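Protein chains in written order, with the numbering used here: chain A, 332 to 788; chain B, 31 to 229.
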């Protein structure tokens with residue numbers, strides 16, 4: 332039973348009832364996954380959406396909602412305040428039934444977030460009744476936002492940490508992004524991946540800024556966090572960046588065995604000719620330099636010591652994360668936040684890639700709750716990508732599905748050009764001549780042979 | 031050579047906060063024993079936050095803000111050395127710091143953005159502290175020491191512009207926190223210039 336959709340208020344801002352950003356969240360155009368909102372068994376309260384919906388909204392001042400940072404009323408109030416007038420909901424609940432297979436993908440959590448819920452409900456309703464509400468939002472946007480990111484592999488939707496993080500965040504919030512999975516960074520508007528082209532044509536390529544932009548566009552997974560949780564988010568993200576990032580870079584790009592057998596192999600197979608010859612090497616150099624600068628201060632005597640220290644700290648960091656997560660579904664309760672997107676990015680890469688020398692991987696596998704967390708997020712938000720496991724590795728063409736039509740076209744064109752060149756040469760040099768036997772048949776032919784004769788003369 | 035701060039115990043020299051804490055812990059004194067696992071995780075995370083944001087912001091201000099560099103940092107950094115070494119070393123350090131900023135993504139930040147980040151960090155710390163006397167209630171921990179060190183330095187060092195300390199002053203509970211620790215633990219020393227700043 333779904334909690335029903337968050338209220339689709341008009342886009343014009345905070346509806347009196349409060350729930351916020353539903354206008355923002357409304358997105359009509361997302362992929363199926365986005366938020367069918369469905370199964371919320373975990374959601375407290377409304378077993379029957381209509382019943383719930385009927386309740387009047389508490390007087391949550393709009394200003395409180397607006398304040399992005401996080402002083403939120405207690406959970407219960409939040410829940411109620413999401414309720415919109417009964418009618419749309421009551422109508423909405425039925426058409427949403429067909430969405431249930433999709434909705435089963437929805438994680439129970441979103442109770443507090445409602446991002447997806449909003450999206451899903453909106454979508455369901457739109458599909459069901461051609462409601463204009465999601466469209467209002469769509470109409471406001473000049474163009475959909477486009478995200479360019481590295482394509483998937485190793486069972487993940489993307490092989491690059493930043494791209495994965497941004498993708499996951501987008502999935503959590505149900506932002507309507509047109510995702511271009513590419514294997515050629517030169518195809519992205521900014522030359523690096525990931526890159527977001529906003530609806531106004533602006534290009535953002537720093538992952539944090541991309542997420543900030545999505546938040547500004549009202550796709551905010553942290554809306555419901557309390558102030559303290561917001562502070563915790565900042566703290567844990569710093570922890571990740573300081574402790575896990577260097578090791579991740581080291582594992583994938585510096586460790587020779589891993590680099591040669593996994594990373595370089597994937598990139599070389601995925602990238603188009605002739606980039607695959609020099610780009611992976613260049614990326615490696617860039618990452619190594621970054622690593623040097625990141626841990627520049629701790630320059631112990633030799634490489635091995637540095638490595639040991641790094642891995643030691645990373646193991647500690649993972650253990651800390653595991654302790655913080657405990658047995659919850661997500662770091663802040665039942666709904667995913669931006670911290671979950673970041674953590675998932677790191678953990679998924681560490682877990683899923685089949686690394687020949689995976690010391691950290693072994694440690695991570697020992698932390699059961701983190702593994703469960705990863706698989707949970709993967710199965711809920713990226714179900715089809717997860718199934719892609721082995722194929723992308725063996726069929727390099729897999730990730731290039733986006734480029735498929737162009738490749739085909741290029742191939743056909745090149746063959747045609749070759750043929751035309753051969754035929755033209757043959758005709759012009761007299762190897763092949765066209766007899767003018769049937770003048771009535773093709774004036775083109777005649778003119779061709781005349782041209783040929785002219786040339787010969 | 032080893033870095034400041036360091037402690038000299040017997041014939042051992044231990045430098046920098048992390049190792050010093052470990053060393054003292056090994057001797058049997060630890061401030062964070064009373065914390066449970068989740069709290070320890072949070073404490074480490076907040077320490078990283080401070081390192082990540084406050085430390086980097088301080089570095090930025092010292093080395094990437096032209097006015098400060100010209101008027102204060104160059105002179106201060108190069109003061110122990112004779113000419114021309116003082117200039118050379120100062121420029122070299124500046125170049126190093128700028129490279130590092132670029133690597134962590136702070137290369138293109140303007141001063142305003144950096145100040146905003148500091149503000150965010152202070153807000154997070156302020157939220158976490160709330161109305162408690164110390165970050166983990168009644169007893170101070172390593173986090174309190176770290177935060178005090180940074181904030182005190184920011185508040186008491188004279189720079190060309192006071193925006194950084196203004197940002198910190200916006201949060202009254204952080205100010206009260208600093209004053210409390212200063213009075214409680216340093217009252218017999220007076221307000222010296224003993225700042226634990228790692229340059």
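C-beta atoms are modelled at their ideal positions from N, C-alpha and C, and glycine is treated no differently. A quick note: this is a predicted structure, and the numbers were derived from the prediction, not measured.
Cutting at 7 Å between CB atoms, please list the residues of its own chain near residue 89(B), excluding the five before and the five after it.
Here residue 89(B) refers to the residue found at position 59 of the second chain. For residue 89(B), where only same-chain residues beyond five positions count, the Cβ hits under 7 Å are 127.
Let me confirm a value: residue 616(A) is counted as buried when at least 16 other C-beta atoms fall within 10 Å, else exposed. Which label applies?
Numbered from its first residue, the first chain carries residue 616(A) at position 285. Under this definition residue 616(A) is an exposed residue.
Quick one: what's got a C-beta closer than 6 Å to residue 683(A)'s C-beta in the same chain, skipping five residues either side?
Against the first chain, residue 683(A) aligns to sequence position 352. Result list for residue 683(A): 485, 486 and 487, in chain order.
List, from N- to C-terminal side, the alpha helix (DSSP H) runs of 4 residues or more that fit wholly inside the region 478-564 of chain A.
Correct list: 492-504 and 538-547.
Which residues in the same chain as residue 50(B) place their Cβ atom closer than 8 Å to its Cβ, once the five residues preceding and following it in sequence are excluded?
Within the second chain, the letter at position 20 stands for residue 50(B). 35, 36, 37 and 44, listed in sequence order.
Cα separation between residue 79(B) and residue 570(A)?
Numbered from its first residue, the second chain carries residue 79(B) at position 49. Numbered from its first residue, the first chain carries residue 570(A) at position 239. Using only the alpha carbons, I get a separation of about 7 Å.
I believe residue 602(A) touches residue 515(A) by the beta-carbon criterion, under 8 Å. Please report the beta-carbon distance rounded to the nearest angstrom.
Position 271 of the first chain, counted from the start, is the residue given in the question as residue 602(A). Position 184 of the first chain, counted from the start, is the residue given in the question as residue 515(A). With a Cβ gap of about 6 Å, residue 602(A) and residue 515(A) count as contacting.
Between residue 621(A) and chain B, is the shortest Cβ-Cβ distance under 9 Å, so that the two count as touching?
On the first chain, position 290 is the one that residue 621(A) refers to. True, the Cβ-Cβ gap to chain B drops below 9 Å.
Under 9 Å, Cβ to Cβ, is there at least one residue of chain A near residue 79(B)?
Indexing the second chain from 1 puts residue 79(B) at position 49. Chain A, which has a Cβ nearer than 9 Å to the Cβ of residue 79(B), makes this yes.
Does the contact criterion of 3 or more C-beta pairs under 8 Å hold for the region 547-554 of chain A versus the region 640-652 of chain A?
no
Mapping the DSSP letters down to three states, classify residue 41(B) as helix, strand or coil.
The sequence position of residue 41(B) within the second chain is 11, counting from 1. The three-state reading of DSSP puts residue 41(B) in coil, since its state is none of H, G, I, E or B.
Going by DSSP, what residues sit across from residue 167(B) in a beta bridge?
In the second chain, counting from the first residue as 1, residue 167(B) sits at position 137. Its beta-bridge partners are 164(B).
Quick check: what's the CA-CA separation for residue 203(B) versus residue 529(A)?
Numbered from its first residue, the second chain carries residue 203(B) at position 173. Numbered from its first residue, the first chain carries residue 529(A) at position 198. Going by the C-alpha atoms only, they are around 39 Å apart.
I'd like the ranges of any alpha helix (DSSP H) spanning at least 4 consecutive residues and lying wholly in the region 615-660 of chain A.
634-656
Checking 9 Å against the spacing of the C-beta atoms, do residue 701(A) and residue 652(A) come in under that value?
Translated into the one-based positions of the first chain, residue 701(A) becomes position 370. Translated into the one-based positions of the first chain, residue 652(A) becomes position 321. Yes, the pair counts as a contact, with Cβ atoms nearer than the cut-off.
Given a cut-off of 9 Å on the beta-carbon distance, is the pair residue 583(A) and residue 593(A) in contact?
Your numbering for residue 583(A) matches position 252 in the first chain. Your numbering for residue 593(A) matches position 262 in the first chain. A contact, by the Cβ cut-off of 9 Å.
In terms of residues, what are the limits of the alpha helix (DSSP H) holding residue 681(A)?
Taking the first residue of the first chain as 1, we reach residue 681(A) at position 350. It spans 669-683 - the alpha helix (DSSP H) in which residue 681(A) sits, taken as one unbroken run.
Using only CA atoms, which one of 208(B), 159(B) and 139(B) lies nearest to residue 558(A)?
Reading the first chain from its first residue, position 227 is the one you call residue 558(A). The shortest Cα separation from residue 558(A) among 208(B), 159(B) and 139(B) belongs to 159(B).
So residue 186(B) is in the alpha helix (DSSP H); what residue range does that whole segment cover?
As a working note, residue 186(B) is residue 156 in the second chain. First-last of the alpha helix (DSSP H) with residue 186(B): 172-186.
If we count Cβ pairs, one from each stretch, closer than 8 Å, do we get three or more for the region 496-506 of chain A versus the region 527-543 of chain A?
yes
Using DSSP bridges, identify the partner residues of residue 609(A).
Here residue 609(A) refers to the residue found at position 278 when the first chain is read from its first residue. In DSSP, residue 609(A) forms no bridge with anything.
By the criterion of Cβ-Cβ separation under 8 Å, what are the contact partners of residue 151(B) in chain A?
Walking along the second chain from the start, residue 151(B) turns up at place 121. 565, listed in chain order.
Could you list which residues in chain B have their beta carbon closer than 9 Å to that of residue 570(A), in chain order?
Locating residue 570(A) in the first chain gives position 239, where the first residue counts as 1. Listed along the chain, the chain B residues whose CB falls inside 9 Å of the CB of residue 570(A) are 71, 74, 75, 76, 77, 78, 79 and 82.
Would you verify that the beta carbon of residue 562(A) is, or is not, closer than 9 Å to some beta carbon of chain B?
By one-based count along the first chain, residue 562(A) stands at place 231. Closer than 9 Å to some Cβ of chain B, the Cβ of residue 562(A) qualifies, so yes.
Looking only at C-alpha atoms, which of 113(B), 151(B), 97(B) and 214(B) sits nearest to residue 566(A)?
Residue 566(A) sits at position 235 when you count from the first residue of the first chain. Relative to the Cα of residue 566(A), the nearest Cα in the group 113(B), 151(B), 97(B) and 214(B) belongs to 151(B).
Buried or exposed: which applies to residue 482(A), given that a residue is buried once 16 or more other Cβ atoms fall within 10 Å of its Cβ?
The residue you call residue 482(A) lines up with position 151 of the first chain. So residue 482(A) ends up on the buried side.
Please confirm if residue 537(A) has its CB atom under 9 Å from at least one CB of chain B.
Translated into the one-based positions of the first chain, residue 537(A) becomes position 206. Yes, residue 537(A) counts as interfacial toward chain B.
Between residue 129(B) and residue 543(A), what straight-line distance do the alpha-carbon atoms span, to the nearest angstrom?
Against the second chain, residue 129(B) aligns to sequence position 99. Against the first chain, residue 543(A) aligns to sequence position 212. Rounded to the nearest angstrom, the two C-alpha atoms are 25 Å apart.
Excluding the five sequence neighbours on either side, which residues of its own chain have a C-beta within less than 7 Å of the C-beta of residue 47(B), listed in chain order?
Position 17 of the second chain holds residue 47(B). Here the set comprises 176.
Return the first residue and the last residue of the alpha helix (DSSP H) that residue 147(B) is part of.
The residue given as residue 147(B) occupies position 117 in the second chain. Counting along the chain, the alpha helix (DSSP H) containing residue 147(B) begins and ends at 141-159.
Do residue 163(B) and residue 216(B) have their C-beta atoms closer together than 9 Å?
Looking up residue 163(B) in the second chain gives position 133. Looking up residue 216(B) in the second chain gives position 186. Their beta carbons are not under 9 Å apart, which means residue 163(B) does not touch residue 216(B) by this criterion.
Taking just the CA atoms, how far does residue 501(A) sit from residue 532(A)?
What you label residue 532(A) is simply residue 201 of the first chain in a count that begins at 1. What you label residue 501(A) is simply residue 170 of the first chain in a count that begins at 1. Rounded to the nearest angstrom, the gap between the Cα atoms of residue 532(A) and residue 501(A) is 19 Å.
Just the Cα atoms here: how many angstroms apart are residue 581(A) and residue 687(A)?
By one-based count along the first chain, residue 581(A) stands at place 250. By one-based count along the first chain, residue 687(A) stands at place 356. Computed Cα separation, rounded: 14 Å.
From the beta carbon of residue 558(A), is the nearest beta carbon of chain B less than 9 Å away?
On the first chain, residue 558(A) is found 227 positions in, with the first residue counted as 1. Yes, residue 558(A) counts as interfacial toward chain B.
Check whether the region 692-701 of chain A touches the region 675-682 of chain A, counting contact only when three or more Cβ pairs, one atom from each stretch, lie closer than 8 Å.
yes
Have a look at residue 233(B) and residue 655(A) and give me their C-alpha separation to the nearest angstrom.
Since the first residue shown for chain B is 31 and the last is 229, residue 233(B) is missing from the structure and cannot be characterised.
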